[in-house]
Amino acid sequence: MEKYNPEEIEIKWQKKWEEYRLYEAKYIPEKKKFYILEMFPYTSAQIHMGHVRNYTIGDVVARYKVMNNYNILHPIGYDAFGLPAENAAIKQNIHPKEWTYKNIETIRRQLKRLGISYCWEREVITCDDEYYRWNQFFFIQFFKKGLVYKKKAPANWCPSCQTVLANEQVINGRCWRCGEIVENKNLEQWFIKITEYAERLLDFNKIKNWPERVITMQRNWIGKSEGCEIYFYIPELNENLSVFTTRVDTLMGVTYIVLSPGHPLVNKLIEISPKKQKIEFFLDKVKKISLTVSDILNLEKEGVETDIFAIHPITQQKIPIWIGNYVLMEYGTGAVMAVPAHDQRDFEFAQKYNLPIKIVIKNPEWKEIPEKIEKAYENPGIMINSWIFDGLDSEKGKKEVCKYLEKINKGKKAIYYKLKDWCISRQRYWGTPIPIIYCPKCGVVPEDEKNLPIKLPEEVKITGKGESPLKYVNEFLECKCPVCKGDAKRETDTMDTFVDSSWYFLRYASKDIKDKPFDKDEVNYWMPVDQYIGGIEHAILHLLYSRFFIKVLYDLGFVDFEEPFENLLCQGMVIKDGAKMSKSKGNVVDPEDMIKKYGTDTLRLFILFAAPPEVDLEWSEKGVEGCWRFLNRVWRLHNEITNYKEQNQKNDEKLKFMINKLIKGVTEDIEKEFQFNTCIAKMMEFINYLGKEINNRNFSKDILIDCWKKFIKILYPFTPHICEEMWEDLNGSNFLFNENWPSYQEIETIEEKINIGVQINGKIKGNIEISPDLNEEQIYELIKNHEKFKKFLEGKKIINKIYIKNKIINLVLED
RNA sequence: GCCGGGAUGGCGGAAAGGAAGACGCAACGGACUUAAAAUCCGUUGGGAGCUUGCUCCCGUGAGGGUUCGAAUCCCUCUCCCGGCACCA
Numbered sequence: 000m001e002k003y004n005p006e007e008i009e010i011k012w013q014k015k016w017e018e019y020r021l022y023e024a025k026y027i028p029e030k031k032k033f034y035i036l037e038m039f040p041y042t043s044a045q046i047h048m049g050h051v052r053n054y055t056i057g058d059v060v061a062r063y064k065v066m067n068n069y070n071i072l073h074p075i076g077y078d079a080f081g082l083p084a085e086n087a088a089i090k091q092n093i094h095p096k097e098w099t100y101k102n103i104e105t106i107r108r109q110l111k112r113l114g115i116s117y118c119w120e121r122e123v124i125t126c127d128d129e130y131y132r133w134n135q136f137f138f139i140q141f142f143k144k145g146l147v148y149k150k151k152a153p154a155n156w157c158p159s160c161q162t163v164l165a166n167e168q169v170i171n172g173r174c175w176r177c178g179e180i181v182e183n184k185n186l187e188q189w190f191i192k193i194t195e196y197a198e199r200l201l202d203f204n205k206i207k208n209w210p211e212r213v214i215t216m217q218r219n220w221i222g223k224s225e226g227c228e229i230y231f232y233i234p235e236l237n238e239n240l241s242v243f244t245t246r247v248d249t250l251m252g253v254t255y256i257v258l259s260p261g262h263p264l265v266n267k268l269i270e271i272s273p274k275k276q277k278i279e280f281f282l283d284k285v286k287k288i289s290l291t292v293s294d295i296l297n298l299e300k301e302g303v304e305t306d307i308f309a310i311h312p313i314t315q316q317k318i319p320i321w322i323g324n325y326v327l328m329e330y331g332t333g334a335v336m337a338v339p340a341h342d343q344r345d346f347e348f349a350q351k352y353n354l355p356i357k358i359v360i361k362n363p364e365w366k367e368i369p370e371k372i373e374k375a376y377e378n379p380g381i382m383i384n385s386w387i388f389d390g391l392d393s394e395k396g397k398k399e400v401c402k403y404l405e406k407i408n409k410g411k412k413a414i415y416y417k418l419k420d421w422c423i424s425r426q427r428y429w430g431t432p433i434p435i436i437y438c439p440k441c442g443v444v445p446e447d448e449k450n451l452p453i454k455l456p457e458e459v460k461i462t463g464k465g466e467s468p469l470k471y472v473n474e475f476l477e478c479k480c481p482v483c484k485g486d487a488k489r490e491t492d493t494m495d496t497f498v499d500s501s502w503y504f505l506r507y508a509s510k511d512i513k514d515k516p517f518d519k520d521e522v523n524y525w526m527p528v529d530q531y532i533g534g535i536e537h538a539i540l541h542l543l544y545s546r547f548f549i550k551v552l553y554d555l556g557f558v559d560f561e562e563p564f565e566n567l568l569c570q571g572m573v574i575k576d577g578a579k580m581s582k583s584k585g586n587v588v589d590p591e592d593m594i595k596k597y598g599t600d601t602l603r604l605f606i607l608f609a610a611p612p613e614v615d616l617e618w619s620e621k622g623v624e625g626c627w628r629f630l631n632r633v634w635r636l637h638n639e640i641t642n643y644k645e646q647n648q649k650n651d652e653k654l655k656f657m658i659n660k661l662i663k664g665v666t667e668d669i670e671k672e673f674q675f676n677t678c679i680a681k682m683m684e685f686i687n688y689l690g691k692e693i694n695n696r697n698f699s700k701d702i703l704i705d706c707w708k709k710f711i712k713i714l715y716p717f718t719p720h721i722c723e724e725m726w727e728d729l730n731g732s733n734f735l736f737n738e739n740w741p742s743y744q745e746i747e748t749i750e751e752k753i754n755i756g757v758q759i760n761g762k763i764k765g766n767i768e769i770s771p772d773l774n775e776e777q778i779y780e781l782i783k784n785h786e787k788f789k790k791f792l793e794g795k796k797i798i799n800k801i802y803i804k805n806k807i808i809n810l811v812l813e814d
């Protein structure tokens with residue numbers, strides 16, 4: 000064949016694959032399936048190296064699995080709703096829809112040029128009304144199940160993006176997208192009760208293999224705490240104040256109580272407090288701070304005394320009530336019992352305001368109980384100054400005190416979660432309209448399912464300011480109430496795009512479906528996803544919402560499985576000069592440029608070779624060149640092999656051994672942890688061997704061709720185009736996609752002589768050539784008489800011999 | 001602060017308690033060539049010694065331990081990366 004010309008052969012094969020619809024997934028219930036999924040791309044202008052890495056890894060898995068006789072589903076689609084489309088609309092004066100579909104065309108072209116084995120027949124575009132109508136459908140099902148509600152809530156408001164953000168989209172008090180400081184704003188918004196599923200989301204038993212850190216991150220995010228709710232009676236209000244604590248064993252050490260500034264009792268307390276003005280002044284200050292600075296992390300603890308008291312449930316003592324800036328309204332009951340001796344935060348507060356500190360847990364390291372402590376003692380210990388509980392271990396005390404409180408009706412066991420309900424409202428245009436109607440007579444009613452989809456109006460003015468642009472589109476806003484048929488108005492909020500991505504993988508698994516969100520049987524066949532691949536940045540958001548969504552669909556009878564993704568691989572970033580590729584750093588390498596220069600196969604090979612999938616990959620064009628050289632070497636070797644003239648068959652056995660070892664190594668490395676980098680290294684070793692040996696012409700031609708065919712097959716998942724071309728040249732009649740992965744046998748060695756290491760007292764002293772069937776004693780005899788090792792053994796007694804077959808022998812001598 | 005993950009040549013990285021540094025990059029030397037590119041061959045962890053191709057010593061962040069044998073297991077510490085962070 001001619002010189003290796005990647006562009007020509009890659010485009011040739013990409014056309015053929017498309018022509019034959021080679022990658023079209025078929026629903027064959029009796030065949031074992033494998034669902035390989037990569038996180039679909041957001042429809043920004045074009046794909047970057049991160050995508051290339053993600054999709055290449057997926058493609059290797061897909062091609063490998065299909066060659067191992069799995070029925071494969073390997074789909075692709077586009078995460079097409081979201082803010083940037085609107086930003087582009089404002090900036091470039093282009094309609095979000097037009098912008099999005101233009102980008103989809105670019106991305107689709109780029110993906111095809113990468114030669115990924117996607118089933119193009121099942122593309123999903125989330126901004127297509129045939130897709131998002133089912134978001135609306137599910138919203139209505141959730142609504143009917145009581146899982147959706149509306150409430151006025153202090154929302155995270157990004158003044159730059161002019162929109163509400165979910166808690167997960169706020170990172171250290173800043174907007175996840177633009178980095179602006181997030182403010183609070185009270186808005187009526189739609190929530191989904193993910194908190195009802197907190198306990199089930201903590202159960203990871205039905206997940207097979209996820210990175211441990213992702214599970215940990217989700218666990219922390221859900222943040223389960225077990226403890227006790229305690230009621231402190233406030234005589235002046237004739238009301239009980241409920242606090243939550245995980246340290247009920249320290250109850251006797253409570254010296255004051257702190258309410259969050261947002262606590263509902265605060266307003267009542269102001270009215271009866273002698274310190275009314277001081278409190279109002281303090282609340283004003285707190286409000287201002289929380290409005291301007293969300294960076295509460297470094298905020299100094301401050302508070303104000305109310306001069307109102309609560310009654311301790313056990314001692315009946317009067318406990319002063321404070322209002323403090325360090326108590327969160329969003330967690331627990333919004334009020335805490337302060338135990339300064341055993342909680343560092345309370346300790347700092349108590350020091351500042353000179354509040355009493357009462358020690359009730361004895362640190363085992365203390366010889367006697369100190370008069371003063373420097374900081375709170377937060378670890379377990381023995382209970383003291385605690386009435387009938389004295390002497391108990393604090394862990395046991397937790398149970399005992401709680402039991403006692405339950406008995407006297409002053410408290411109960413309680414569990415709290417950090418997880419908050421999922422706010423899905425967005426005051427935006429480019430998203431799924433929430434299918435709710437406000438009727439003056441009937442109130443808040445869901446849209447009739449028959450009227451779905453509620454389509455986004457095309458004519459719209461996007462300003463990027465304040466409320467949803469849909470508020471100003473009358474044809475959208477005005478509607479009829481599905482109950483009374485009277486005039487009514489639509490909800491103008493649209494849905495968070497994480498709703499779209501919570502079930503897109505079900506839509507893939509159900510081809511050409513019109514009247515339902517998906518076909519239950521086909522979805523139950525393909526799902527759960529056998530291997531999901533994507534970035535670690537979705538460890539909480541997308542993956543938790545999807546798990547939740549699927550559990551709800553399971554409860555509603557839509558699907559028969561409870562977890563969407565059995566195995567998860569989070570690939571590392573592609574970095575250059577020590578930083579993630581980004582426009583602002585000016586270190587972006589465009590995949591298309593690389594493809595033009597070297598071809599897709601070389602780019603794929605480099606990305607797979609440079610690092611194992613889950614660690615960050617340092618970009619190196621020199622490394623790309625190395626891969627380019629390798630493929631050229633393969634190509635030249637192919638030509639040498641097809642023109643090969645045999646002289647003798649001396650090395651046939653060795654060649655068979657080498658290819659067998661290679662197949663075994665590559666298969667095991669893929670099966671183990673998708674260690675594609677070492678797979679490629681092994682193939683390089685094989686090519687190095689063959690390249691050196693072929694000129695000696697010690698192989699018979701048919702053995703050589705047979706081995707070469709096997710080699711092409713195992714290289715195929717990594718660099719499919721060049722392999723198809725060589726395969727065709729060898730008169731392969733089939734696409735490699737339809738060939739079987741070669742098998743291998745367990746062979747230890749075929750060599751007549753092998754080298755093993757020789758250790759004396761565990762230190763390597765050299766090596767010795769032996770025949771592999773020798774035993775420990777026989778090898779020892781050789782060493783004893785060997786010029787090199789003799790000297791170590793003379794006059795010494797051997798107390799131990801350890802022989803690891805074909806590797807090393809260790810002789811242990813007496814001192 | 002808490003929870004994860006990590007530290008191996010000049011660089012990316014190999015090594016499932018058994019010869020550390022596979023494979024690739026870079027570097028150096030050589031062949032081919034009028035020359036260059038391409039290609040091919042060789043050397044390449046550090047140090048010391050001499051007889052110059054061999055011998056010895058050291059070496060996987062630091063220190064200790066387990067073991068015949070540790071990059072790998074255990075303990076202590078340092079540094080780096082990631083996540084969470086006033087969650088009661």
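Per numbering that gives the first Met the number 0, the first sequence starts with residue 0, numbered consecutively.
Glycine included, C-beta positions come from ideal geometry on N, C-alpha and C.
Under DSSP, the alpha helix (DSSP H) around residue i begins and ends at which residues?
i: P590; result: 590–597
i: H331; result: One detail in the question is off: residue 331 reads as Gly in this sequence, not His. Note, G331: premise wrong, no alpha helix (DSSP H); not H, not E.
i: R628; result: 620–641
i: L661; result: 651–672
i: A349; result: 343–352
Please list, in chain order, all residues of the same chain as residue i whose beta carbon is under 7 Å from its beta carbon, the five residues on each side excluded.
i: A88; result: H94, P95, W98, I461
i: K708; result: L729
i: Y3; result: L630, N631, W634
i: Y503; result: F39, G76, V123, T125
Between which two residues does the beta strand (DSSP E) containing residue i stretch?
i: G533; result: 530–534
i: E148; result: With the sequence shown as reference, residue 148 is identified as Tyr, and Glu is not the correct amino acid for it. Element bounds for Y148: 147–157.
i: F308; result: 302–310
When the Cα atoms are used, what is the spatial distance from residue i to residue j?
i: D486; j: K149; result: 22 Å
i: N739; j: N68; result: 7 Å
i: Y832; j: K621; result: With the chain covering 0 to 814 only, the question about residue 832 has no answer from this structure.
i: V242; j: Y403; result: 16 Å
i: N59; j: N219; result: Per the sequence presented here, residue 59 reads as Val, with Asn not at that position. Their backbone Cα atoms lie some 33 Å apart in a straight line.
i: I269; j: L36; result: 57 Å
i: L810; j: F203; result: 49 Å
i: D705; j: L729; result: 10 Å
i: P210; j: E672; result: 11 Å
i: D492; j: I278; result: 37 Å
i: T291; j: I606; result: Confidence at T291 is low in this model, with a pLDDT of 38, below 50, so its placement is unreliable and the value that follows should be read with caution. Approximately 45 Å between the Cα atoms of the pair.
i: I139; j: I356; result: 54 Å
i: Q350; j: K398; result: 30 Å
For residue i, which residues in the same chain have their Cβ closer than 8 Å to its Cβ, ignoring the five residues on either side in sequence?
i: K579; result: M572, V573
i: V558; result: L505, K519, V522, N523, M526, I549, L552
i: P456; result: L469, V472, E474, F475
i: E179; result: C157, P158, S159, C160, R173
In its own chain, which residues sit with a C-beta less than 6 Å from the C-beta of residue i, not counting the 5 before and 5 after it?
i: W321; result: Y255, V257, G302, E304
i: R121; result: P74, Y507, K510
Review point. Taking three-plus beta-carbon pairs below 8 Å as touching, is the region 692–700 in contact with the region 645–652?
Key: yes
Point to revise | Runs of beta strand (DSSP E) wholly within the region 174–235 (minimum 3 residues, chain order) | key: 182–191, 223–233
Point to revise | Touch test, the region 4–21 against the region 500–515, Cβ-Cβ under 8 Å, three pairs minimum | key: no
Exercise for review: Please specify which runs of the beta strand (DSSP E), each continuous and at least 3 residues long, are wholly inside the region 36–104, giving them in chain order.
Suggested key: 70–72
Exercise for review: Determine, using beta-carbon pairs with one atom in the region 127–135 and one in the region 440–457, whether at least three such pairs fall under 8 Å.
Suggested key: yes
Practice item. Indicate whether the contact test is met: 3 or more Cβ pairs, each with one atom in the region 328–344 and one in the region 356–366, closer than 8 Å. Key: yes
**Study point:** Minimum length 4: unbroken alpha helix (DSSP H) runs contained in the region 708–784
**Key:** 719–728, 775–783
Check your understanding: Does the region 183–195 come close enough to the region 412–431 that 3 or more CB-CB pairs lie under 8 Å?
Key -> yes
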